[in-house]
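Using my numbering, count along the sequence shown one by one with no gaps and you end on 242. No residue lacks a Cβ here, since even glycine has one placed at the ideal position from N, Cα and C. Quick caveat: nothing in here was measured; it's all calculated off a predicted structure.
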Amino acid sequence: MRELYSKLCTLVFSSIILLSIIAASIYTVALIPQLMVLEWSTEWSNGKVTLNVIPQGDNSNETGDFKLLPFKWKITANFWINPSNKYGLPANSVIEAIITAANTWDSQTSFQVFQYMGITTRTAGKFDGYNVISWGSYRVGVIAVTYIWYIDDTIIETDTRLNTYYKWSLTGEPKKMDVQNIMTHEFGHWCGLDDLYDDSDYWLTMYGYASYGEIYKRTLGLGDILGLQANYGK
Ligand SMILES: [Zn+2]
């Protein structure tokens with residue numbers, strides 16, 4: 009009798025453990041974030057040159073196009089910057105350019121999408137609980153890459169890596185990528201906006217290609233603002 013009781017106890021105990029394991033795995037599966045990688049290419053990537061029929065003049069205030077990603081931040085995205093670079097760009101100036109890029113979006117909505125937290129030595133591209141912007145190597149043709157970890161329609165971490173394959177500048181110099189220009193576009197992804205590839209969207213910040221010395225994407229066009237406000241309100 010005692011032996012049977014003991015076996016019964018073992019069985020019950022094992023079942024509880026098994027059920028716990030099953031419950032734990034279901035819980036874990038539900039919480040494992042998905043990753044989306046958004047690469048921003050040059051117009052001549054992979055040996056191919058993309059030809060655009062550039063609309064005459066700056067019509068960025070007229071084009072209302074935008075495309076939403078299937079997720080967005082639902083709380084303020086606290087971000088850290090690793091300003092370490094091999095281009096001789098002063099840390100303070102790098103940080104200022106990136107904060108200005110974030111504020112460009114924040115100034116168009118009442119929701120606070122971004123909050124600068126400080127300098128970090130962490131690098132972008134790792135799911136580590138920190139939203140990090142840093143330089144790092146990546147394949148040719150990609151200027152910058154934004155990593156978005158999300159669960160369902162909620163972003164839980166975003167990192168942006170600026171590709172060290174290219175030279176970088178803070179003043180729109182030729183043959184170099186402009187930090188503020190590129191970061192304004194990448195922060196658009198943080199806001200839940202996708203790239204646009206129609207020629208008519210050329211002047212928008214969320215246009216899918218960028219080039220050396222370009223600075224016009226530092227300012228938002230109508231479509232960029234409408235997209236932001238579709239996610240976060242006016
Ligand atoms: Zn992009």
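Residue i - DSSP class collapsed to helix/strand/coil
i                 : result
tyrosine 158      : strand
valine 187        : helix
serine 33         : Any reading at serine 33 must be qualified, since the residue scores a pLDDT of 48, below 50, and its modelled position is unreliable; no value is offered.
valine 148        : coil
leucine 236       : helix
lysine 225        : helix
isoleucine 164    : strand
leucine 204       : strand
alanine 132       : coil
asparagine 100    : helix
glutamate 47      : strand
phenylalanine 195 : helix
glycine 126       : strand
asparagine 93     : coil
tryptophan 113    : helix
leucine 39        : helix
isoleucine 83     : coil
leucine 170       : strand
leucine 230       : helix
Cβ-heavy atom distance, residue i to ligand 1, below 8 Å
i             : result
glycine 96    : no
glutamate 194 : yes
methionine 6  : Absent from the model: residue 6. The displayed extent of the chain is 9 to 242, so no value can be given.
leucine 46    : yes
threonine 154 : yes
aspartate 203 : yes
Supposed close pair residue i, residue j - CB separation, criterion 8 Å
i                 : j              : result
glycine 144       : glycine 133    : 6 Å
phenylalanine 122 : methionine 214 : In fact, because the Cβ distance is near 16 Å, the residues do not count as touching under 8 Å.
isoleucine 151    : tryptophan 48  : 5 Å
tryptophan 198    : methionine 185 : Tryptophan 198 to methionine 185, Cβ: 18 Å. No contact.
isoleucine 106    : isoleucine 156 : Incorrect: roughly 18 Å between the Cβ atoms, too far for contact.
phenylalanine 87  : isoleucine 163 : Not confirmed; about 12 Å, so no contact.
leucine 97        : asparagine 239 : That belief does not hold up - the Cβ atoms of leucine 97 and asparagine 239 are roughly 31 Å apart, past 8 Å.
serine 115        : lysine 242     : Rounded, the Cβ-Cβ distance is 12 Å, inconsistent with contact.
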